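>
In this note's numbering, the protein residues as written are 2 to 233.
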């Protein structure tokens, strides 16, 4: 991490987030992959106050396949599914996906043109701006250098299709307000625990659920709580 990143309070590392939520970038097995779901309001350590979830990330389905429903229970998944830790940052312009997650999804091999694009406004800025050292991205081994804002990736996060900026090295996953809008999601808080809960606004089934019935995406062990407090 560069000195500029260390001085930026909004830059969150995967190491810091994993110390609270547990290791991520692991294959999806039994973790919650649906909405409604509950996350965690971090109450101790350097990330106090952040809202966090462990979500399942997938590459977009191939043409002709139906788009995932965020509040539908899945019994079969096409392609790889990777569990990734995220925090909510409503001030962020884009969701952020860790480079390690893309690599685990096999994105480096696929290089799917339909999944990566450069927004017109970004292209204009890049052409008019002075040259500067590019951010070495997940394709660094191939000798390519990427601008931080140059690449956006379309992914399915917990069944919601969103466009994500590829994170810097070591950067944690982030969700922004557009994620809530695109998924038609309602954010509220469990009055017992103060933990964040996501519901699908249009789902009558979701509205009838009590907070105690909403599955949790984060189950924090005692050891991880200790690590968060002492800053490991």
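In this text, a Cβ means the ideal position worked out from N, Cα and C, and glycines have one as well. Source: prediction; values computed, not measured.
Once DSSP output is grouped into helix, strand and coil, what is the label at residue 141?
For the purposes of this step, residue 141 is identified with residue 140 of the chain shown, where counting begins at 1. Note that residue 141 has pLDDT 42, beneath the 50 cutoff, so the model's placement of it is unreliable and no number is given.
> Indicate whether residue 196 and residue 41 have their beta-carbon atoms separated by less than 7 Å.
For the purposes of this step, residue 196 is identified with residue 195 of the chain shown, where counting begins at 1. For the purposes of this step, residue 41 is identified with residue 40 of the chain shown, where counting begins at 1. Cβ atoms of residue 196 and residue 41: closer than 7 Å.
> Classify residue 85: buried if its beta carbon has 16 or more other beta carbons within 10 angstroms, exposed otherwise.
As a first step, residue 85 is located in the chain shown; it is residue number 84 there, counting from the start. It counts as buried.
> Just to confirm my understanding: we take residue 32, look at its own chain, exclude 5 residues before and 5 after, and list those with CB closer than 8 Å. What are they?
The sequence position of residue 32 within the chain shown is 31, counting from 1. Same-chain partners within the cutoff: 55, 57, 84 and 218.
> In chain order, what residues of the same chain have a beta carbon less than 7 Å from the beta carbon of residue 165, not counting five sequence neighbours either side?
Counting from one through the chain shown, the residue named residue 165 turns up at place 164. Cβ neighbours of residue 165 beyond the five flanking positions: 95, 96, 97, 98, 153, 154 and 156.
> In angstroms, rounded to a whole number, what distance separates the CA positions of residue 118 and residue 177?
Taking the chain shown and counting its residues from 1, the one referred to as residue 118 is at position 117. Taking the chain shown and counting its residues from 1, the one referred to as residue 177 is at position 176. Model confidence at residue 118 stands at a pLDDT of 37, short of 50, so the residue's coordinates are unreliable and nothing is read from them.
> What are the residues that DSSP puts in a beta bridge with residue 86?
Walking along the chain shown from the start, residue 86 turns up at place 85. Looking at the DSSP assignment, residue 86 forms a beta bridge with 55.
> Hey, out of 93, 189, 100 and 21, whose CA is closest to residue 180's CA?
Residue mapping note: residue 180 aligns to position 179 of the chain shown, counting from 1. Cα-wise, what sits closest to residue 180 is 93.
> Does the separation of the CB atoms of residue 53 and residue 22 fall below 7 Å?
What you label residue 53 is simply residue 52 of the chain shown in a count that begins at 1. What you label residue 22 is simply residue 21 of the chain shown in a count that begins at 1. Going by C-beta atoms, residue 53 is nearer than 7 Å to residue 22.
> Give the range of the beta strand (DSSP E) segment to which residue 200 is assigned.
Numbered from its first residue, the chain shown carries residue 200 at position 199. Taken as a continuous stretch (DSSP letters only), the beta strand (DSSP E) holding residue 200 covers 197 to 201.
> Using the Cβ count rule (16 or more neighbours within 10 Å means buried), how would you classify residue 26?
One-based indexing of the chain shown puts residue 26 at position 25. Classification for residue 26: buried.
> Whole angstroms is fine: what's the gap from residue 172's alpha carbon to residue 13's?
Indexing the chain shown from 1 puts residue 172 at position 171. Indexing the chain shown from 1 puts residue 13 at position 12. Those two C-alpha atoms are separated by around 6 Å.
> Have a look at 46, 101 and 201 and flag the residue whose alpha-carbon is nearest the alpha-carbon of residue 159.
Reading the chain shown from its first residue, position 158 is the one you call residue 159. For residue 159, the nearest C-alpha among the options comes from 201.
> If residue 43 and residue 199 are in contact, beta carbons under 8 Å, what's the gap, nearest whole angstrom?
Position 42 of the chain shown, counted from the first residue, corresponds to residue 43. Position 198 of the chain shown, counted from the first residue, corresponds to residue 199. Not really, about 16 Å apart at Cβ, beyond 8 Å.
> Helix, strand or coil for residue 190? Go by DSSP, reduced to three states.
Counting from 1 along the chain shown, the entry for residue 190 is found at position 189. Residue state, collapsed to three classes: strand.
> Leaving out the 5 sequence neighbours to the left and right, which residues in its chain are closer than 8 Å to residue 48 when beta-carbon positions are compared?
As a position in the chain shown, residue 48 is number 47, starting the count at 1. Hits under 8 Å: 13, 17, 18, 21, 88 and 229.
> Quick check: the Cα distance between residue 163 and residue 108, rounded to an integer number of angstroms?
Taking the first residue of the chain shown as 1, we reach residue 163 at position 162. Taking the first residue of the chain shown as 1, we reach residue 108 at position 107. Distance between the alpha carbons of residue 163 and residue 108: 16 Å.
> Pop quiz: residue 170 and residue 100 are said to be a contact at Cβ under 8 Å. What is the actual Cβ separation, rounded to whole angstroms?
Taking the chain shown and counting its residues from 1, one reaches residue 170 at position 169. Taking the chain shown and counting its residues from 1, one reaches residue 100 at position 99. 7 Å between Cβ atoms; contact.
> Rank 174, 38, 193 and 81 by C-alpha distance to the C-alpha of residue 91 and give the top, closest one.
Numbered from its first residue, the chain shown carries residue 91 at position 90. Of the candidates 174, 38, 193 and 81, the one whose C-alpha sits nearest the C-alpha of residue 91 is 174.
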